[in-house]
Every structure is written in structure tokens, then in C-alpha cells.
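Residues are numbered in my numbering as their position in the sequence shown, beginning at 1, plus a constant of 27. Idealized CB from N, CA, C, for every residue including glycine. Worksheet for the structure shown next.
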Amino acid sequence: MPLAPAWPRSLAASRSGSRCPALPSSGLTALSPYRLVAMPAATTPKPNAKPAASATPASPAHPAEAPTIRRRIACMLYEGVLLFGVLSASTGAYLLARPALRQLGLDGPFTMQCWSFLVLGCYFVWFWQRNGQTLAMQTWRMRVETAAGVPPRWPQATLRFLLAWLWLPPSAALGHQLGLVKGPFVGVLCAGLLIWVLLALIDPRRQFLHDRLARTRLTDLRPPKP
Numbered sequence: 028m029p030l031a032p033a034w035p036r037s038l039a040a041s042r043s044g045s046r047c048p049a050l051p052s053s054g055l056t057a058l059s060p061y062r063l064v065a066m067p068a069a070t071t072p073k074p075n076a077k078p079a080a081s082a083t084p085a086s087p088a089h090p091a092e093a094p095t096i097r098r099r100i101a102c103m104l105y106e107g108v109l110l111f112g113v114l115s116a117s118t119g120a121y122l123l124a125r126p127a128l129r130q131l132g133l134d135g136p137f138t139m140q141c142w143s144f145l146v147l148g149c150y151f152v153w154f155w156q157r158n159g160q161t162l163a164m165q166t167w168r169m170r171v172e173t174a175a176g177v178p179p180r181w182p183q184a185t186l187r188f189l190l191a192w193l194w195l196p197p198s199a200a201l202g203h204q205l206g207l208v209k210g211p212f213v214g215v216l217c218a219g220l221l222i223w224v225l226l227a228l229i230d231p232r233r234q235f236l237h238d239r240l241a242r243t244r245l246t247d248l249r250p251p252k253p
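Here you go:
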């Protein structure tokens, strides 16, 4: 026997003045010709609920790579151009203080060299501990950092600066031993610096020797090639 639709009776009840039964408040309801079907209420996610874990594991971060030797040499040459202005300003400051240094008996080539070395140290150490980059390193997209991936602090940056000059004493000693002066002597110093730079080629991670000793590293900030 077919079921009769439910709406004629409810319609007749409404005409007779009787109230329709209240719909359940637990969720949305859909009116069917034969019965009332309760629909499940929509659940709102909690604001602090953690998202479901993805089935695909996240790819590991790209390891830090050292810049190429060619880019490092280019960065050094550009740094030398910038340091020409820095040393010119420091020389002007030294000349202003020269009368006072003469009265103290401190004026001389050695004092001038120590002053220039101090200015260079302040320049490099300040930039390295600030963000790991000098002005030239910002242009060539490379940075000095620790094993934790952060710029070195003042003591570590100072140690790196001092260790970076380890090539100079043996090169200068060789030049003096050969009796070289002026141009040839400068050539020996440049050869010693080049050998020091090329020593990074025998390092497994292509790092300088002074970076190994100072426990720092030079990283390439360019995006990795696909």
C-alpha cells in the first residue's frame, strides 16, 4: 500500500490553527514528502586545532655551499677598490693626529701600519658580526657564518680576521730573504695570497684555512640551480 504524502496533513493542521511540531535544533533538517530527515550539523574547526599531517614528507633544506674560487677572487678585488676609500680616510685622520703623535714619539711607518691594520680590522669585524657581509660580499651574494648559520660574534669575527693574515709573514719573510724590494716584493706577497686562496681547493667543503681554524664558513647566497 503506497504511503501518503505527509504535507497535506501538516497543511490541514496549519489551516485548522494547530501548530506544527518544532523541528529538532541539533542540526539542519530537510523536509521530505514522506518523513523529516535530520541532517548532521556542520562542525566548525577549532582555532587552535593542528592541521593534519601530510602523508608526503618534507624535502630536506638545501645544504649551504661555498662560493666558487673565481667569485671569491672577484669579491676580493672589488673589496680592494672599496678599501682604497676607507684607507684614504684613515690616512687623513692619521695626518691630523700626526703632530700629537710626534710629541709622544709615536710617529713613524710602524705606527702608520698599525693604524691601517686597526682600521681594516674594525671594518671587517664590524660587518661580519653585524650580518656576515661586507659591502663587497653583499654585491657578490656571499656571507660569513658559523656552523649554526648565524653571523659570528665579535670574538669569533676578530679571530677570523687575524687568522686570515697567516699568509703574510711567510710571504714577507721570503721576499726579504730574496732581497726583493718594491714591485718584486709586492709580487711575492700577491703570490702568497693567491696560494692561500687556492688552498681552499683541497678542502672537502671548499673553505679557507682560516675559516676552518675559526670554525666559520663562507656560504653562497645565490639560489641553488635546479
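Expected contact under 8 Å - CB spacing of residue i and residue j to nearest Å
i           : j           : result
residue 20  : residue 243 : Only positions 28 to 253 of the chain appear in this structure, which leaves residue 20 out of reach.
residue 214 : residue 197 : Between residue 197 and residue 214 the Cβ distance is about 15 Å, and since that is not below 8 Å, they are no contact.
residue 234 : residue 93  : 6 Å
residue 152 : residue 185 : 5 Å
residue 241 : residue 187 : 4 Å
residue 191 : residue 105 : The pair is not a contact, with the Cβ atoms about 17 Å apart (cut-off 8 Å).
CA-to-CA distance, residue j to residue i, given in whole angstroms
i           : j           : result
residue 149 : residue 207 : 31 Å
residue 232 : residue 136 : 40 Å
residue 130 : residue 114 : 24 Å
residue 202 : residue 223 : 16 Å
residue 160 : residue 171 : 6 Å
residue 250 : residue 176 : 16 Å
residue 200 : residue 193 : 12 Å
residue 141 : residue 248 : 34 Å
residue 236 : residue 227 : 7 Å
residue 110 : residue 144 : 12 Å
residue 156 : residue 124 : 29 Å
residue 212 : residue 238 : 27 Å
residue 108 : residue 146 : 15 Å
residue 229 : residue 221 : 14 Å
residue 173 : residue 95  : 19 Å
residue 103 : residue 217 : 12 Å
residue 253 : residue 158 : 27 Å
residue 116 : residue 122 : 10 Å
residue 210 : residue 181 : 36 Å
Collapsed DSSP secondary structure at residue i in the structure displayed
i           : result
residue 246 : strand
residue 170 : strand
residue 146 : helix
residue 235 : coil
residue 133 : coil
residue 159 : coil
residue 176 : coil
residue 92  : coil
residue 251 : coil
residue 116 : helix
residue 124 : coil
Contact with chain C by residue i, beta-carbon distance below 8 Å
i           : result
residue 101 : No chain C appears in this structure, which consists of one protein chain only.
Measuring CB atoms only, is the stretch 160-175 touching the stretch 99-107, in the sense that at least three cross pairs come out at less than 8 Å? Yes: the two stretches touch, three or more of their Cβ pairs being nearer than 8 Å.
What runs of the alpha helix (DSSP H), each 4 residues or longer, lie entirely inside the stretch 179-243? For the stretch 179-243, whole alpha helix (DSSP H) runs of length 4 or above, ordered along the chain, are 181-190, 195-204, 209-225 and 236-241.
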